[in-house]
Amino acid sequence: MTTSIKTGIGARVRAVFEGTSDELCMADICAALGIVTGKDRKRVAWASRDLVAAGYVTQTGERLHFRYRSTGKVQVQRQPLSPEEQREYQRQASHRYRTRHPERVRESERARRRPAKARPAAQQPRLARVGLRAANLPGPQAVARAVAPAESVAEFEARGGRVEVLPVHWRAA
Numbered sequence: 012m013t014t015s016i017k018t019g020i021g022a023r024v025r026a027v028f029e030g031t032s033d034e035l036c037m038a039d040i041c042a043a044l045g046i047v048t049g050k051d052r053k054r055v056a057w058a059s060r061d062l063v064a065a066g067y068v069t070q071t072g073e074r075l076h077f078r079y080r081s082t083g084k085v086q087v088q089r090q091p092l093s094p095e096e097q098r099e100y101q102r103q104a105s106h107r108y109r110t111r112h113p114e115r116v117r118e119s120e121r122a123r124r125r126p127a128k129a130r131p132a133a134q135q136p137r138l139a140r141v142g143l144r145a146a147n148l149p150g151p152q153a154v155a156r157a158v159a160p161a162e163s164v165a166e167f168e169a170r171g172g173r174v175e176v177l178p179v180h181w182r183a184a
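Numbering-wise, our numbering comes out as the position in the sequence shown, counting from 1, plus 11.
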């Protein structure tokens, strides 16, 4: 039984950079990987951004003309964060967001303080709509209806009734 090592697109892009010291554009990277479709090209672009953020690759140029070059940094496995480190990282990320986008933070806080608007019946959850409909229905009737007992054919004939026997099919008449 053979086992294959699962490698993501990031590992494949990193391997392309390890094999060369030249500057590569996105088209060169995709050609080296044999990628043609737009969806996969987007994945390569995301992977290259991650490699730049991790310091494996440097990026030069602007927007559509980015060029990438390997920094020679060796791949280092990232250690998982402890719960305390995760909380500290989240606190720092929240602080960065609040300092970069104060208008968005103010708007979200205002929206949280506002009372919720009453929604039209069509937008209410189904359970609430069922409750509204049930409130408008009349309650069960306590009046019992009198049901006449059925009579047999013999009783009907004794009363003077006439019974006709109908043919099974209309052509049989």
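All residues carry an ideal CB built from backbone N, CA and C; glycine is no exception.
As the structure is a prediction and not an experimental result, all values here were calculated from the model.
Which word fits residue i, buried or exposed, when buried means at least 16 other C-beta atoms lie within 10 angstroms of its C-beta?
i	result
L4	This structure gives no information on residue 4, because the portion of the chain shown stretches from 12 to 184.
S119	exposed
A159	exposed
Y108	exposed
Using a Cβ-Cβ cut-off of 7 Å (strictly less than) and excluding sequence neighbours within five positions of residue i, which residues of its own chain qualify?
i	result
Y185	Any question about residue 185 goes unanswered here, given that the chain covers just 12 to 184.
A43	V27
K84	G66 and Y67
Would you report the Cα separation of residue i and residue j, rounded to the nearest angstrom?
i	j	result
E29	R80	10 Å
E162	R170	11 Å
A56	P126	43 Å
T48	R25	20 Å
A104	L148	53 Å
Q185	K128	The displayed coordinates of the chain run from 12 to 184. Any statement about residue 185 would go beyond what the structure contains.
E96	I46	38 Å
T82	D33	11 Å
R54	D39	15 Å
R124	P113	17 Å
E73	P94	38 Å
E168	A157	25 Å
A122	R60	34 Å
R115	R102	17 Å
A165	V174	10 Å
R23	T110	36 Å
C41	H106	37 Å
Among the residues of its own chain, which have a CB less than 8 Å from the CB of residue i, if the five just before and after it don't count?
i	result
R117	none
H76	C36
T31	S81
Keeping to the same chain, check which residues put their C-beta closer than 6 Å to that of residue i; ignore five residues upstream and five downstream.
i	result
T71	R78
Write down the C-beta distance between residue i and residue j rounded to the nearest angstrom, noting that I regard them as a contact closer than 8 Å.
i	j	result
A64	I20	In fact, because the Cβ distance is near 15 Å, the residues do not count as touching under 8 Å.
Should residue i be flagged as near chain D, meaning a C-beta pair shorter than 9 Å?
i	result
V68	Annotation note: the requested chain D is absent from the structure, which comprises a single protein chain.
Quiz item: Quick one: complete alpha helix (DSSP H) runs, 4+ long, within the region 60–115?
Solution: Taking 4 residues as the minimum length, the alpha helix (DSSP H) runs contained wholly in the region 60–115 are 94–111, in order along the chain.
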